[in-house]
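Peer 1: Dropping the structure in here first, questions after.
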Amino acid sequence: MATRAPEMATGVPALAPERAVTWPKRTRARLSNGLEVVLAEAHSIPKFHGELFFRAGEALVSDRSVGLAEMTSTVLRTGTAKRTSRQIEEDLRRLGADLGTSAGQDTSAISFAGLSEFAEPLLQLVNELAREASFPPPELERERRQKLEEVKLERTSPGFLAGERLRKILFGKHPYARVSPSEQQVAAYRREDLEQVYREIYTPENALLLMVGDFDPQAMLSLAEKTFGNWTGKKPAPKEAPALPEFHGRRVYLVHNPGSVQTQILLGCHAITRKHPDWIRLGLTNSLYGGAFNSRLVMNIREDKGYTYSPRSGVSPLRQHGYFTVSAAVRNEVVAASLTESFYELDKLRSVPVPPAELADAQNYVTGMFSMGLATQEGLLSQFATVELNELPADYLETYRDKVRALTSTDLLATARKYFDSANMPIVVVGDRAQIEEQARLFGDTEIYNAQGERVE
Amino acid sequence: MTRLQIPIHSSTLKNGLRVVIVPDTNAPVVTVGVYYKIGFRLEPQGRSGFAHLFEHMMFQGSENAPKMQHIKLINSSGGVLNGSTMYDVTNYYEAVPSNALERVLWLEADRMRALKVDEENLTNQRDVVKEEVRVNVMNQPYGGFPWLDMPPVAFRNWANAHNFYGDFADLDAASLADVRKFFRTYYVPNNAVLLILGDVNPQNGQVLAEKYFGSIPAGAAPPFADPTEPPQTEERRGCVQEKFGTLPAMAIGYVLPPRRTPDWYAIVLLDQALHGGRAGRIHRELVLEKQIAVEADGGVDDVFGYNGPSQLTTRILHKPEYTAEQTLAAFDEVLREVKEKGISEEELQQLKVKWRSDYYSTLEGGRGGYMPRYGLMHLLACFTLFDNEPQLVNTVLEGFLAVKREEIQAVAKKYLRPENRAIVFRTPVSKDAKEAA
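Chains as they are written, first to last, in our numbering: chain W, 54 to 510; chain E, 599 to 1035.
In structure tokens:
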């Protein structure tokens, strides 16, 4: 037995009957130019939150250069045909607004939040950024120099180094393997490359405008039409992506981080996207394994053994593929012990059906957490975005809880067997080689890398 | 201008426990918090890091809910829980579907009434805390910078100046007897506030608070060490080595006036002018215009959450081709401009709009999508424990909106002086980084 059996609590009040969970009604519309709009009211505070999503990001363009979509999103907030960088920032402050631009593998976005009383000027600014960004050369040069420092700096973070290595192993030649640019790549970005990405990705046919907050949906819809209605542009052509490499057996990837006083462990394997029919059952199985404070992994290597502060597992759903990870930062002496326990808990879920009481607890956790986002505009926005961007069924939010509750121990056993492929997992450890190599080698053939990502052995 | 009005029901139980209830039935979710008026500032000398270690022990078992049961009972009710140790308060909080309210109150009352921990729990959590310190500080680039580096340079009173995460020797020395004594001294109902926010009927909430907490005996009023600082007469400087990061860094901290004084309102608004994101003067000048720094941010940390000396702090990571003195000179130039010219009426109006907007967001959320009303809880707790006035949540905004241009310039001159500041340089030892200063 890996952990002590916990004593039970006595005299705990029962749960009261549950109040119905009701998601706010969504108003869906398509503007005259094809731009998709989804709106929902939430009157918690006199503000609103919005996001203008574009359904493409790094993965579409990283074969040109890694980080190009991200750099495009960074520079696009620094100037438009009508406003300078400084004006943009001061106008945002004048409206009490926050704005962010970002690009992930599959999505680029302009996200914003502000006072409802200033909705019109804020949308006008978002519109300008989406359509009339001017990519001023001096701003690009500055952002380039910033990025050069950032790419150097991120190589000192154990979490970054572990994630980068795992993504390379799991995704091979697929764009998802490209996590961050090299200094040479950043130095070579050209303004016309950014403008090209901007023209391809930032189009109304490729966009989704999502807003949640203190407004009247019909009035907001008219405002959206007035602001964005005459914008035109086509979807970018989709791109064939290479197949993923297969991974057999266990193999260790040790990233040497000299002077490390702790070791970052990261295991993983391929999994599924959110659209996959197994998503909900994999989510529940993950929550039992290491996705909650009360999970087996946390109880074992933190609460029972004190090896680590923050162990966790999760499923990362990118649009084309998903992957499962287990991570923990542990003290150097217990790297092997932590790996053993992590695999033990995976294998236990693959071998022994989850007891009914533990299953019910996990079902309650997952369904309760799902409704927690109801209380804030940001929480609602994030749930609606998940549904829309992954093209999930319209009743996904409304039926999710029932689907979780319908799962059985047999379902979970099958899910763990299918997805927690513990016999075929890369094991990434980031730490001081001299202190951990012997322990790491116990788990398989070992490749050694330096912090620059180069294989040294 | 739409103003947000929060309906606040507050009372005090016979044992001295303050109770604050805010109903909002929009979503079937309730946030519960218990705040104790003791943080790491006033933890016992020779026991640095103890307040935080103790916070961990509060999850290790109480009279009727043994180890692991707190976490299990909250998670299995569909909720989340956590705790955090701050300068002057320690909090324990849960966000759960509202049908679990009674269970949460029972759990919080059980551990306020009687902690039940043993040597094994203490050893386990001491190990966990050490890994927490390693992952957040010792094994991270710029770990603990500047929140752990600044206090020993800026302050002279041990209360304000010690290592709040704890020296490992002090953590090792902490005993079960210390845990029991700390609990008896500070974790008494008359040193705490209970908050119930969200899907709760106020009368029902009051009845439940009385039912579960009413019979916990009051304790003696806890003794608090004096955190007053001796007057500062010259600039203070210190140096810390950066083991991993490649860029030289510095933090500059100015001691703030006492909370809720007119000067304090003005300097907190001035903070928005200096550090308000990309529009803030410091980021604009150092990162966007002069391009000396890669990061330049900061501000007043947890504006309402301190009940003793605190600072307005700027954190800068600068390019190695600039020396520390050149960087500092550029920073000083930003402050000189405010001191000499003040700010325009236009800028002041922008600051006030942004402050109001940010304040609403703080009240609504404040700690990610899964922790609704964290900010509201935190402010209500601090206003109750420090000011005995939870209604300040609805009125404190007026203090900021009333600030005048002259006052901004006056506090800039009065407080942003070298004799009122401390500077910490965090200098890379890595051979890649060029020498900074």
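Note that beta-carbon positions come from the ideal geometry of N, C-alpha and C, so glycine has one too.
For Gly677(E) and Pro664(E), which I take to be in contact (beta-carbon distance under 8 Å), what is that distance rounded to the nearest angstrom?
Peer 2: Actually they do not touch by this definition, with Cβ atoms about 19 Å apart.
Peer 1: Taking DSSP's pairing of strands, which residues face Cys980(E) in a bridge?
Peer 2: Its beta-bridge partners do not exist; DSSP assigns none.
Peer 1: Assuming Val179(W) contacts Leu261(W) (C-beta within less than 8 Å), just tell me the rounded distance between them.
Peer 2: No, Val179(W) and Leu261(W) are not in contact; Cβ-Cβ is about 13 Å, not under 8 Å.
Peer 1: What are the boundary residues of the alpha helix (DSSP H) that Tyr1013(E) is part of?
Peer 2: Tyr1013(E) -> alpha helix (DSSP H) spans Arg1003 to Tyr1013.
Peer 1: Start and end of the beta strand (DSSP E) containing Phe106(W)?
Peer 2: Start and end: Lys100 to Phe107.
Peer 1: According to DSSP, Thr499(W) sits in a beta bridge with which residue or residues?
Peer 2: BP columns for Thr499(W) point to Val305(W).
Peer 1: In whole angstroms, what separates the C-alpha of Glu89(W) from that of Glu258(W)?
Peer 2: Approximately 8 Å, taken between the alpha carbons.
Peer 1: Closer than 7 Å, CB to CB, is Ala698(E) near chain W or not?
Peer 2: It does: the Cβ of Ala698(E) has a partner Cβ on chain W nearer than 7 Å.
Peer 1: Could you tell me the alpha carbon to alpha carbon distance between Glu1033(E) and Pro918(E), rounded to whole angstroms?
Peer 2: Summary for Glu1033(E): the model assigns pLDDT 37, below 50, so the residue's position carries little reliability; its value from the coordinates is reported in the next sentence. Taking the straight line from one Cα to the other gives about 7 Å.
Peer 1: For chain E, is any of its Cβ atoms less than 7 Å away from the one on Arg349(W)?
Peer 2: By this cut-off, Arg349(W) is not an interface position.
Peer 1: Rounded to whole angstroms, what is the Cα-Cα separation between Leu335(W) and Pro1026(E)?
Peer 2: Each residue's Cα considered, the two are about 44 Å apart.
Peer 1: In this structure, how does DSSP classify Phe268(W) when only helix, strand and coil are distinguished?
Peer 2: Three-state result, Phe268(W): coil.
Peer 1: With which residues is Ile480(W) paired in a DSSP beta bridge?
Peer 2: In DSSP, Ile480(W) forms a bridge with Val305(W) and Leu320(W).
Peer 1: Examine the Cβ distances between the segment 600 to 619 of chain E and the segment 797 to 810 of chain E and report whether three or more of them are shorter than 8 Å.
Peer 2: Output reads yes: the segment 797 to 810 of chain E touches the segment 600 to 619 of chain E.
Peer 1: Report the rounded CA-to-CA distance for Leu884(E) versus Ala928(E), giving the unit in angstroms.
Peer 2: Distance between the alpha carbons of Leu884(E) and Ala928(E): 7 Å.
Peer 1: Please list, in chain order, all residues of the same chain as Leu399(W) whose beta carbon is under 6 Å from its beta carbon, the five residues on each side excluded.
Peer 2: Result list for Leu399(W): Phe473 and Ser475, in chain order.
Peer 1: Mind pulling the chain W residues with CB within less than 9 Å of Val866(E)?
Peer 2: Residues of chain W passing the Cβ test: none, with the nearest at roughly 16 Å.
Peer 1: In three-state terms, what does DSSP make of His916(E)?
Peer 2: Looking at His916(E) - three-state DSSP - the assignment turns out to be strand.
Peer 1: So, is Ser126(W) buried or exposed, given that buried needs 16 or more other C-beta atoms within 10 angstroms?
Peer 2: Ser126(W) is buried by the Cβ-count criterion.
Peer 1: How many Å lie between Thr993(E) and Arg83(W) at the Cα?
Peer 2: Taking the straight line from one Cα to the other gives about 43 Å.
Peer 1: Who are the near neighbours of Glu935(E) in its chain, counting only those whose CB is closer than 8 Å to its CB and skipping five residues on each side?
Peer 2: These residues qualify, in order along the chain: Arg879.
Peer 1: Using a Cβ-Cβ distance cut-off of 7 Å, determine whether Gln199(W) contacts chain E.
Peer 2: Yes, contact with chain E.
Peer 1: Should Gln947(E) be labelled buried (16 or more other beta-carbon atoms within 10 Å of its own) or exposed?
Peer 2: That one is exposed.
Peer 1: Counting along the chain, where does the alpha helix (DSSP H) carrying Ala410(W) start and finish?
Peer 2: Run containing Ala410(W): Pro409 to Met425, per the alpha helix (DSSP H) assignment.
Peer 1: By alpha-carbon positions, which one of Ser187(W), Val119(W), Gly167(W) and Ser115(W) ends up nearest to Arg136(W)?
Peer 2: For Arg136(W), the nearest C-alpha among the options comes from Ser187(W).
Peer 1: Let me check understanding here. Comparing Cα to Cα, which of Ala871(E), Arg645(E) and Ala894(E) lies closest to Ala767(E)?
Peer 2: Ranking Ala871(E), Arg645(E) and Ala894(E) by Cα distance to Ala767(E) puts Arg645(E) first.
Peer 1: With a cut-off of 7 Å, does the C-beta of Tyr958(E) fall near any C-beta of chain W?
Peer 2: Yes, because at least one Cβ of chain W sits closer than 7 Å to the Cβ of Tyr958(E).
Peer 1: For a test of your reading of the model: does the CB of Tyr863(E) fall under 6 Å from any non-hydrogen atom of the ligand HEM? Yes or no.
Peer 2: The model on display carries no ligand, and the ligand HEM is accordingly not part of it.
Peer 1: With DSSP collapsed to three states, give me the class of Pro370(W).
Peer 2: Here Pro370(W) sits in strand by DSSP.
Peer 1: Excluding the five sequence neighbours on either side, which residues of its own chain have a C-beta within less than 8 Å of the C-beta of Val204(W), listed in chain order?
Peer 2: For Val204(W), where only same-chain residues beyond five positions count, the Cβ hits under 8 Å are Ser233, Pro234, Ser235, Glu236 and Val239.
Peer 1: Going by C-alpha distance, which of Pro829(E), Asp824(E) and Tyr690(E) is nearest Glu1017(E)?
Peer 2: Here the closest residue by C-alpha is Pro829(E).
Peer 1: If distances are taken between C-alpha atoms only, which option among Arg303(W), Met124(W), Val481(W) and Thr429(W) comes closest to Glu249(W)?
Peer 2: It should be noted that the sequence gives Gln, not Glu, for residue 249(W). The shortest C-alpha separation from Gln249(W) is found at Met124(W).
Peer 1: Report the three-state DSSP secondary structure of Asp765(E) (helix, strand or coil).
Peer 2: If DSSP states are grouped into helix, strand and coil, Asp765(E) belongs with coil.
Peer 1: Per DSSP, which residues does Pro1026(E) bridge with? Please list them.
Peer 2: Bridge partners of Pro1026(E): Glu840(E).
Peer 1: Here's the rule I'm using: 16 or more other beta-carbon atoms within 10 Å means buried, otherwise exposed. How should Pro70(W) be labelled?
Peer 2: With fewer than 16 Cβ atoms within 10 Å of its Cβ, Pro70(W) is classed as exposed.
Peer 1: So, at 8 Å on beta carbons, what are the nonlocal neighbours of Thr133(W) in its own chain, with the 5 sequence-adjacent residues on each side left out?
Peer 2: Excluding positions up to five away in sequence, the list reads Ile141, Glu181, Leu182, Glu185, Ala186 and Ser187.
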